[in-house]
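Let me begin by presenting the structure, written as structure tokens, before commenting on it.
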Ligand SMILES: [Fe+2]
Ligand SMILES: [Fe+2]
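Residue numbers (our numbering): 4 to 187.
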């Protein structure tokens, strides 16, 4: 793949599968049909590892840094907003995980908490992904040269190996597929 930003866009499509599945789970919970807690845990684990630890690290540690070097300001600009949204996502994931742990201990109230936090997360991430696809990545394509694009590819590769490991990364593609098929 010559354009490393296509890799990030492809990951957005994978994240969207899990977000789509989560939407269906939340709708079911609102009708008092609670999905198996294993599926909630699987979704949170995906969001924590694939979406946050891997995808957001590629953005924060590689893409945003390169964009900053090329003059895109951190504060008051799109990078600052993206970073703030990553943080919001991180705390929502933590709260979703706490809700899953409560459910696993038999606390049915955990479903209500999970459904609230997951709804906020879905809303946040849908908007976030759309801003990156339509605003931030096009800025990157406009201002980054061939060499910088190559550096991005190398940086993304490195993060993938360091943060999750290549085989593990593939595992999350399968989990997203599985959840997307089960909840639609
Ligand atoms: Fe992001
Ligand atoms: Fe992203």
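Don't be surprised by glycine CBs; every beta carbon is placed ideally from N, CA and C.
Own chain, CB closer than 8 Å to residue i, minus 5 neighbours either side, in chain order
i, result
"residue 17", "53, 175, 176 and 179"
Nearest to residue i (by Cα), restricted to the options the options
i, options, result
"residue 12", "116, 56 and 131", "131"
"residue 165", "29, 41, 38 and 58", "58"
"residue 113", "33, 49, 50 and 65", "33"
"residue 72", "147, 79, 92 and 171", "147"
"residue 181", "78, 46, 142 and 51", "46"
"residue 127", "160, 96, 169 and 110", "96"
"residue 106", "22, 39 and 10", "39"
"residue 41", "142, 104 and 173", "104"
"residue 7", "169, 111, 115 and 151", "151"
Residue i versus residue j: straight-line alpha-carbon distance, rounded
i, j, result
"residue 99", "residue 120", "6 Å"
"residue 63", "residue 118", "28 Å"
"residue 183", "residue 26", "10 Å"
"residue 90", "residue 186", "27 Å"
"residue 162", "residue 171", "13 Å"
"residue 92", "residue 28", "18 Å"
Close beta carbons around residue i, own chain, < 6 Å, minus the five adjacent residues each side
i, result
"residue 20", "179 and 183"
"residue 67", "82"
*Residues with a Cβ closer than 6 Å to any heavy atom of ligand 1, in chain order?*
59, 62, 85, 89, 131 and 135
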